[in-house]
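Structure first, commentary second.
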Amino acid sequence: MVNNIQLPETNEVILDDLESLLDYPLKWKELKKLKILITGGNGFLASFLAKSLLAASERYNLGIEVIAIVRNKHKVDRLTDWLDFKGLTVFEHDLSTELPKDFPSANWIIHASSKASPKFYGSDPMGTLMPNSFGTLNLLKKAVKDETSKFLFISSSEVYGQLVITLTEDVFGSIDPMDIRATYAESKRMGELLTNVFSHQESIDCYVARPFHTYGPGVYLDDGRVFSDFVSNVVSNEPISLNSDGKASRPFCYITDAILAFLVILMDGKSGEAYNVSNPDGNISIIDLAHMISRLIQGRHVEVKQNLNIDEDYIPSPIVKQDPRIEKILELGWKPSITLEEGFTRMIQSYPLNNK
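Residue numbers for the sequence shown follow my numbering, beginning at 938 and rising by one.
See below:
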């Protein structure tokens, strides 16, 4: 139960996160009676966003309708608890294909359908590429046809390419299009371009969010990303395995901070603009992250060691360091609040622990 409202979520950490998120002084009433379509509905970001909107609708009596687009109705484990909750509709469609005639309309569209895990870049490059490019184009055409008022494209920090400088929203590095890993970054760039073109040429407000490394409860611990591997090691009471020297650094942002950022962009952002979503205090080297996570369970300290047996489908990022600037979104009134240690502690607490 969150603030005297009954929610179906069974994960206590997620329930606590929803409660703190709903206490944020957002202009919640602007969401009243909106029909909001979210693609990638069973994904980490999209599912948490759907839950947040449904919880807000319940607490503030907003009457929000959330339409979650999923590839397979039978594989919606992140939304299982919520399937019968009022206001949620699940619609099955693969965004790599043409939209069907009965594809639902909405007041807002949030396009978050994308394979964000590096393990898919090598094993399914086409499945990585298409939702960000072909899928984005089809959704934008649908939005114009249905007179959708707002469209948010969830992009990625990968669009910046290989840069080791401070990252403002207008600075970009190189991406090798012959590198199979480029399917993700280049398709995100194309999605951004399409979003901006429609903002410029059609009567629809379009925005781009560029989240950096978002983490929290709900991440699949086998998804191949380094932080999920570390958390998996710790909850399993196994040594943390490093697949590199650990000197590369990454900026992390907790899921509730990211969700609020997306909503602030939709409410107060400028159409045709992109916004970095990150926490400057969450910038840390991989080796330091490993050691921090290794000691977050009281009474347990797992070993950190190097591992040379790397999954052949995993394609590591060539990016050594990212230093995002977030002044642009700070001007909208958003500010991240969850510290790195607090966020990863909460993430760890959301999974069952192996105490053997």
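We put the CB at the ideal spot given by N, CA and C, even for glycine.
Opposing strand residues paired with residue i [DSSP bridges]
i, result
"Arg1147", "Asn1213"
"Lys1242", "Ser1178"
"Asn1220", "Pro1188"
"Leu1233", "Its beta-bridge partners do not exist; DSSP assigns none."
"Asp1021", "BP columns for Asp1021 are empty, so no partner."
"Leu1111", "Reading off the sequence, residue 1111 comes out as Ser, not Leu. Answer is Gln1099."
"Ala1005", "Ile975 and Val1027"
"His1048", "Phe1090"
"Pro1261", "Leu1104"
"Tyr997", "Tyr997 pairs with nothing; no bridge assigned."
"Asp1142", "Lys1087"
Assigned exposure category for residue i - 16 Cβ within 10 Å defines buried
i, result
"Asp1113", "exposed"
"Phe1109", "exposed"
"His1011", "exposed"
"Pro1289", "exposed"
"Thr947", "exposed"
"Thr1034", "exposed"
"Gln943", "exposed"
"Asn1069", "buried"
"Pro962", "exposed"
"Glu995", "buried"
"Pro1273", "buried"
"Ser1181", "exposed"
"Ser1140", "exposed"
"Glu1084", "exposed"
"Asp1116", "exposed"
"Gly1236", "exposed"
"Ser1136", "buried"
"Asp960", "exposed"
"Gly1219", "buried"
"Lys1052", "buried"
"Gln1138", "exposed"
"Gly1128", "buried"
"Gly1000", "exposed"
Own chain, CB closer than 6 Å to residue i, minus 5 neighbours either side, in chain order
i, result
"Val1013", "Asn979 and Val1007"
"Lys1242", "Pro1176"
"Lys964", "Met1204"
"Asn1075", "Leu1036"
"Pro1261", "Leu1104, Phe1149, Pro1188, Asn1213 and Ser1215"
"Gly1280", "Tyr1191"
"Val1201", "Leu1269 and Trp1271"
"Thr1132", "Phe1090, Cys1143 and Val1145"
"Ser1165", "Val1156 and Leu1158"
"Glu1278", "none"
"Val950", "Pro1154, Arg1283, Gln1286 and Ser1287"
"Asn1009", "none"
"Tyr997", "Trp965"
"Lys970", "Gly1000"
Integer Cβ distance of residue i from residue j, believed to fall under 8 Å
i, j, result
"Ile1230", "Val1168", "6 Å"
"Ala1043", "Ile1091", "Actually they are not in contact, since the Cβ atoms of Ala1043 and Ile1091 sit about 16 Å apart, beyond 8 Å."
"Ser1093", "Lys1125", "5 Å"
"Leu1233", "Ile1275", "With 8 Å as the limit, Leu1233 and Ile1275 do not qualify as a contact, their Cβ atoms being about 14 Å apart."
"Ser989", "Leu968", "The Cβ separation is near 10 Å, so there is no contact."
"Ile1047", "Phe1199", "7 Å"
"Gly1098", "Ser1086", "Contact flag wrong, Cβ pair sits at about 32 Å."
"Ala992", "Leu955", "5 Å"
Own chain, CB closer than 8 Å to residue i, minus 5 neighbours either side, in chain order
i, result
"Leu1179", "Ile1223, Ile1224, Ala1227, Val1241, Lys1242, Gln1243 and Asn1244"
"Ala987", "Ile975, Gly978, Val1003, Ala1005, Leu1016, Trp1019 and Leu1025"
"Glu1210", "Glu1106, Tyr1144, Val1145 and Lys1265"
"Ala1049", "Ile975, Thr976, Gly977, Gly980, Leu982, Ala983, Leu986 and Ile1091"
"Pro945", "Asp1018, Trp1019, Asp1021 and Phe1022"
"Ala1122", "Ser1093, Glu1095, Val1096, Gly1098 and Ile1112"
Spatial neighbours of residue i in its chain, beta-carbon cut-off 7 Å, leaving aside the 5 residues before and after
i, result
"Gly1206", "Tyr1144, Tyr1212 and Leu1269"
"Leu1170", "It is Asn, not Leu, that sits at residue 1170 in the sequence shown. Result list for Asn1170: Pro1176, Ile1177, Ser1178 and Val1239, in chain order."
"Phe1040", "His1030 and Lys1079"
"Thr1120", "Tyr1058, Pro1062, Thr1065 and Leu1066"
"Gly1183", "Ser1222, Ile1223, Ile1224 and Ala1227"
"Ser1333", "Residue 1333 falls outside the range modelled here, since the chain spans only 938 to 1293, and no answer is possible."
Practice task
Examine the Cβ distances between the stretch 1013-1033 and the stretch 968-985 and report whether three or more of them are shorter than 8 Å.
Solution key: yes
Practice task
For the stretch 1058-1067 and the stretch 1076-1090, state whether three or more C-beta atom pairs, one from each stretch, are separated by less than 8 Å.
Solution key: A contact is defined here as three or more CB-CB pairs under 8 Å, and the stretch 1058-1067 fails this definition with respect to the stretch 1076-1090.
Practice task
Specify whether the stretch 1191-1204 and the stretch 1146-1156 touch according to this definition: at least 3 beta carbon pairs, one from each stretch, less than 8 Å apart.
Solution key: Touching, per the Cβ criterion.
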